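Working notes for the structure below.
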Amino acid sequence: MAIQPPYPSFETPDVIDDFFVAGRNLWPDLASFKNLKFDREQVPAEIVRFLRSTTLNEHGVAHYLGSYFQNYQNDFKLRFWSAMWTAEEYTHYIILRRICQGLDADLTEKDFHGLEMGDYFQNMKAYLDRIKVDPSIDMRMLQLIYGVLQEYGAVIAYTAAAEQCGIPEIAAILKRVAKDEMRHCRFNQVALEAMLEHCSEGEKALVWPQFRAIWGDLEMPTEHIGYFAEIGATDLYTSLWDGEKKSKIVLYLSRYFSKYRQYMNNSASA
Amino acid sequence: MPSPSPPQRAEIVRRLAISLAELLRLESPDSIHAESDLRKDLGVDSLGLVDLVTVAEEDFSVRFSSSTDFSVIHTVGDVAGLIEEQLARTSAV
Numbered sequence: 005m006a007i008q009p010p011y012p013s014f015e016t017p018d019v020i021d022d023f024f025v026a027g028r029n030l031w032p033d034l035a036s037f038k039n040l041k042f043d044r045e046q047v048p049a050e051i052v053r054f055l056r057s058t059t060l061n062e063h064g065v066a067h068y069l070g071s072y073f074q075n076y077q078n079d080f081k082l083r084f085w086s087a088m089w090t091a092e093e094y095t096h097y098i099i100l101r102r103i104c105q106g107l108d109a110d111l112t113e114k115d116f117h118g119l120e121m122g123d124y125f126q127n128m129k130a131y132l133d134r135i136k137v138d139p140s141i142d143m144r145m146l147q148l149i150y151g152v153l154q155e156y157g158a159v160i161a162y163t164a165a166a167e168q169c170g171i172p173e174i175a176a177i178l179k180r181v182a183k184d185e186m187r188h189c190r191f192n193q194v195a196l197e198a199m200l201e202h203c204s205e206g207e208k209a210l211v212w213p214q215f216r217a218i219w220g221d222l223e224m225p226t227e228h229i230g231y232f233a234e235i236g237a238t239d240l241y242t243s244l245w246d247g248e249k250k251s252k253i254v255l256y257l258s259r260y261f262s263k264y265r266q267y268m269n270n271s272a273s274a
Numbered sequence: 237m238p239s240p241s242p243p244q245r246a247e248i249v250r251r252l253a254i255s256l257a258e259l260l261r262l263e264s265p266d267s268i269h270a271e272s273d274l275r276k277d278l279g280v281d282s283l284g285l286v287d288l289v290t291v292a293e294e295d296f297s298v299r300f301s302s303s304t305d306f307s308v309i310h311t312v313g314d315v316a317g318l319i320e321e322q323l324a325r326t327s328a329v
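If you read the protein sequences in the order shown, they are chains G and Y. Here the numbering used here is used: position 90 in the first sequence is 94, and no number is missing along the way. Here the numbering used here is used: position 71 in the second sequence is 307, and no number is missing along the way.
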């Protein structure tokens, strides 16, 4: 039986259209990354490990898209967005792989095979089922809230890697990737806000506790694919969140989601 | 009419203690002092930090600086100091 969301995320496809158009112009120099060459000695070993694992992570979009499609149900506009997001993350994979190749640290067939063998869909489903604050929560809402955290986490990880990588040319590329991830973070917010316009007060009251539940038990995508644990790369992403960076995340997310506390308070006092 | 002067450190600690007691579901704020360690004494973890930031910014109408590093903030008094700093900046504007 088809699952029918009770209301659409966006009234019109305009936001999706704008996202698509802006996305066409982000990497006009993509082809020029083909022959990058860097001195690996200048890049800390942990950053090389991060670059390799995050390249693989960006290549994992085929896993992630399946989960997005499931959670966005038959919301046509959010499905379009996921397809566009997938293409942008795949672009990141290509760029990051070019950097890895330039550092003589290319991915191997074993890496790709290990990634493809992952059971992300089931693991992510189990994770989301575990952290749901209400069994009836709209899965689109849950995915969008998670998306804000995941994408902002990526912004911070790429920013930190840019600061630590030791080669200005790589740093400049990583900062551009971080900017794209911020755009993805923002889209999740815009979609959440558009969706909430149609939600009941009771549904709106779930946003703040759901954000807290995810933040309190945050698992990034790499934790749901076994191969990342096999190569010791599960925590590479979050290991770049030092005290200052984690504080940035706390401040940003608290400020964004705190506006939804009022719905929870209203619901409690009703 | 002159604007009210910002609360002093002791008053900030007192108000923070009330908010923290509520957040942590303590019966009374009396056991929370300026020297109380957020993590060791009060069990404020990364989730608790989100609540603390939210409540502190709302209750005192301040915005912590984006360069704030909460990993070096250990006690309730440290948080009060940050709030005091922000309040002073706001009133100086």
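The beta-carbon is built from N, C-alpha and C at its ideal position, and this holds for glycine as well. A quick note: this is a predicted structure, and the numbers were derived from the prediction, not measured.
Sub-8 angstroms separation of residue i and residue j beta-carbons
i        : j        : result
G/Tyr150 : G/Ile51  : no
Y/Phe296 : Y/Ile319 : yes
G/Ser258 : Y/Val289 : yes
G/Leu341 : G/Leu107 : The structure shown does not extend to residue 341 of chain G, since chain G is modelled only from 5 to 274, so the question has no answer here.
G/Leu55  : G/Thr95  : no
G/Ala198 : G/Tyr267 : no
G/Gly247 : Y/Asp305 : yes
G/Arg102 : G/Leu240 : no
G/Leu30  : G/Asp184 : yes
G/Leu244 : G/Ala161 : yes
G/Lys3   : G/Ala166 : Residue 3 of chain G is absent from the model: chain G starts at 5 and stops at 274.
G/Ser57  : G/Phe232 : yes
G/Val159 : G/Gln214 : no
Y/Ser307 : G/Lys250 : yes
Y/Leu274 : Y/His310 : yes
Y/Leu252 : Y/Val315 : yes
G/Phe42  : G/Ile177 : no
G/Ala109 : G/Arg44  : yes
Residue i, buried or exposed, once every other Cβ within 10 Å from all chains shown has been counted against 16
i        : result
G/Arg216 : buried
G/Asp142 : buried
G/Tyr11  : exposed
G/His355 : Because residue 355 of chain G is not part of the residues shown, which for chain G are 5 to 274, the question remains open.
G/Met121 : exposed
Y/Ala328 : exposed
G/Leu252 : The sequence as given places Lys at residue 252 of chain G; Leu does not occur at that position. Classification of G/Lys252: buried, given that the 10 Å Cβ count is 16 or more.
G/Ser71  : buried
G/Met5   : At G/Met5, the pLDDT of 39 sits below 50, so the modelled position is not reliable and the matter cannot be decided from this model.
G/Ile7   : Any reading at G/Ile7 needs caution, since the residue's pLDDT is 47, under 50, leaving its predicted position unreliable; the model's value is listed next. Label assigned to G/Ile7: exposed.
G/Asn192 : buried
G/Thr238 : buried
G/Phe116 : exposed
G/Glu92  : buried
G/Asp79  : buried
G/His188 : buried
Cβ of residue i within 8 angstroms of any chain Y Cβ
i        : result
G/Arg190 : no
G/Ser243 : no
G/Glu185 : no
G/Gly220 : yes
G/Arg216 : yes
G/Val152 : no
G/Leu240 : no
G/Val254 : yes
G/Ser258 : yes
G/Ser273 : no
G/Lys250 : yes
G/Ser262 : yes
Expected contact under 8 angstroms - CB spacing of residue i and residue j to nearest Å
i        : j        : result
Y/Leu323 : Y/Val298 : 6 angstroms
G/Val47  : G/Gly170 : 5 angstroms
Y/Ser255 : Y/Val312 : Going by Cβ atoms, the distance from Y/Ser255 to Y/Val312 rounds to 10 angstroms, so no, they are not a contact pair.
G/Tyr156 : G/Pro225 : Going by Cβ atoms, the distance from G/Tyr156 to G/Pro225 rounds to 14 angstroms, so no, they are not a contact pair.
G/Leu153 : G/Asn75  : Not really, about 15 angstroms apart at Cβ, beyond 8 angstroms.
G/Ala195 : G/Trp89  : At roughly 11 angstroms, the Cβ-Cβ gap does not stay under 8 angstroms, so G/Ala195 and G/Trp89 are not in contact.
G/Val211 : G/Tyr264 : 4 angstroms
G/Gly220 : Y/Leu259 : Their Cβ separation, rounded to whole angstroms, is 13 angstroms, which puts G/Gly220 and Y/Leu259 out of contact at 8 angstroms.
G/His67  : G/Tyr97  : That pair is no contact at about 13 angstroms.
Y/Val286 : G/Val25  : Contact doesn't hold; Cβ gap of about 35 angstroms is too wide.
G/Arg144 : G/Ser13  : 6 angstroms
Y/Glu343 : Y/Phe300 : The question about residue 343 of chain Y has no answer here: the residues shown for chain Y are numbered 237 through 329.
G/Tyr131 : G/Glu234 : With 8 angstroms as the limit, G/Tyr131 and G/Glu234 do not qualify as a contact, their Cβ atoms being about 19 angstroms apart.
CB contact below 8 angstroms: residue i versus chain G
i        : result
Y/Gly317 : no
is_contact[residue i, chain C] using C-beta, thresh 8 angstroms
i        : result
G/Gly247 : Annotation note: the requested chain C is absent from the structure, which comprises protein chains G and Y.
- prompt: Mind listing which residues of the region 300 to 311 of chain Y have their C-beta closer than 7 angstroms to chain G's C-betas, in chain order?
  reply: Result list: Phe300, Ser302, Thr304, Asp305, Phe306, Ser307 and Val308.
task: Would you list, in chain order, the members of the region 284 to 296 of chain Y that have their beta-carbon closer than 8 angstroms to a beta-carbon of chain G?
output: Leu285, Val286, Asp287, Val289, Thr290, Glu293 and Glu294
task: Below 7 angstroms between beta carbons is the criterion; list the residues of the region 147 to 171 of chain G that meet it against any residue of chain Y, in chain order.
output: Going along the region 147 to 171 of chain G in chain order, one finds no residue with a Cβ nearer than 7 angstroms to chain Y.
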